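Below is one structure; the comments refer to it alone.
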Amino acid sequence: MTETPAKDFARKVREKVRGTKVFDRSLHGRVLALEKELEADRQLHRRIAELSDVVAELLVPIQDRDETQVREILSQYRKTI
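According to my numbering, the sequence shown holds residues 605 to 685 in order.
Shown next, in the form of structure tokens:
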């Protein structure tokens, strides 16, 4: 099976571009940016998990009307902020 002239041209251009340092720097920059975004997302998800834990800890004392325990949990949470 032979390539069409357009596919052959596209393959040659792709090979030339991939062989340049500009392509390597561009790709490297994109990967670094994606890694940075991924780390920010991880931190956000970790924070959401922490907040979910605090809410879960508060639900039982609030339901039991244990104001002392509610204040203690909130105090501990505020120290971590």
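Even glycine gets a Cβ: it sits at the ideal position worked out from N, Cα and C.
Bear in mind that the values here come from a model prediction, so they are computed numbers and not experimental data.
Cβ-heavy atom distance, residue i to the ligand ZN, below 7 angstroms
i: Gln680; result: This structure lacks the ligand ZN, and indeed carries no ligand of any kind.
Inter-residue spacing [alpha-carbon to alpha-carbon] between residue i and residue j
i: Val621; j: Ile677; result: 58 angstroms
i: Glu639; j: Thr672; result: 43 angstroms
i: Arg675; j: Arg629; result: 53 angstroms
i: Asp670; j: Ala660; result: 15 angstroms
i: His649; j: Gln667; result: 27 angstroms
i: Ile685; j: Glu654; result: 11 angstroms
i: Arg646; j: Gly633; result: 20 angstroms
Within 8 angstroms, strictly: CB atoms of residue i and residue j
i: Tyr681; j: Val658; result: yes
i: Arg618; j: Glu607; result: no
Min CB distance residue i to chain C below 8 angstroms
i: Arg634; result: The question asks about chain C, but that chain is absent: this structure has only one protein chain.
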